[in-house]
Amino acid sequence: MEKILVITASPLAEDSVSCRLADIFMKNYQEAHPEDQLKRIDLSRLELPEIDEELIAYFNGQSDGDNGVYTEIDDLCEEFMMADRTVFALPHWNLIVPPKMVSYSLAVMRAGKSFRYTEKGPVGMLDNKKALILLASGGTCNTDNPIMHCYGVDWLKGILGLCGIEDVSVLYAQGMEERPDKTQEIVNNACLEVEAFSKEW
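Numbering-wise (full-length UniProt numbering), the sequence shown opens with residue 1 and increments by one.
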């Protein structure tokens with residue numbers, strides 16, 4: 001049995017394309033892999049504390065912190081480390097991912113837990129794991145054009161690589177706002193792609 005963690009971050013819920021892709025992934029993956037365990041975390045509903053002096057001291061082992069505040073962060077970190085595969089279903093806003101995804105990454109991708117420092121630089125501690133990014137964007141974003149590029153994907157691949165997760169796949173639903181007459185077709189095609197991928201992943 002493998003543990004699959006599905007992370008969503010859009011506050012739009014039912015109106016969110018990225019959340020719809022997450023729903024389709026979970027349904028089809030579970031049908032194809034009934035023995036695996038899936039858990040979904042909606043970051044838009046979480047109240048993650050800001051990264052301040054006290055929290056940094058807690059991360060560095062210099063403070064016991066407020067157990068009531070930091071217990072949830074530690075639980076999120078543990079879930080991320082224990083997952084065999086993690087799915088990030090995210091909207092792409094102004095060339096980057098939602099702020100709560102950034103806060104989540106700072107909370108769970110921590111030195112001494114998901115990676116460690118050596119004389120030769122950081123070394124990931126979560127190798128032999130996989131990740132899938134499901135990205136929804138109003139514009140076309142998998143391009144070299146600097147004002148359209150998927151910096152959110154680059155960033156997420158980078159921090160996953162820091163943790164040792166090198167096997168990262170990306171599926172897109174993109175261009176809905178550029179081509180409003182094709183929105184439904186774009187979304188439907190993305191849903192079919194996610195459905196097929198989830199059965200084989």
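By construction, the Cβ of each residue, glycine as well, lies at the ideal position given by its N, Cα and C atoms. From a predicted model like this one, the values you see are computed outputs, not experimental measurements.
Name the DSSP beta bridge partners of residue i, please?
i, result
"A167", "Reading off the sequence, residue 167 comes out as Asp, not Ala. D167 pairs with K130."
"R179", "DSSP lists no partner for R179."
"T118", "G121"
"W93", "I96"
"L135", "L90, Y172"
"A111", "F115"
Do residue j and residue i come within 8 Å of each other at the CB atom, strictly closer than that value?
i, j, result
"L90", "S18", "yes"
"M26", "L38", "yes"
"A136", "A196", "no"
"I41", "I7", "yes"
"G161", "I96", "no"
"C77", "K100", "no"
Of the choices the options, whose alpha-carbon is the least far from that of residue i?
i, options, result
"E47", "D23, I186, P11", "P11"
"I73", "R85, A83, Y58", "Y58"
"F115", "M125, Y70, L106, M101", "M125"
"L192", "S16, L21, A13", "L21"
"P180", "V194, M148, T140, C163", "T140"
Spatial neighbours of residue i within its chain, please: C-beta separation below 6 Å, excluding the five flanking residues on both sides.
i, result
"A32", "K199"
"K130", "R85, D167"
"F88", "I7, I133"
To which residues of the same chain is residue i closer than 8 Å at the C-beta, ignoring the five residues directly before and after it?
i, result
"M82", "K3"
"P49", "L55, V69, Y70, I73"
"W155", "I96, V97"
Write down every uninterrupted run of the beta strand (DSSP E) in the stretch 1 to 88 whose length is 3 residues or greater and which is fully enclosed by it, in chain order.
3 to 8, 37 to 42
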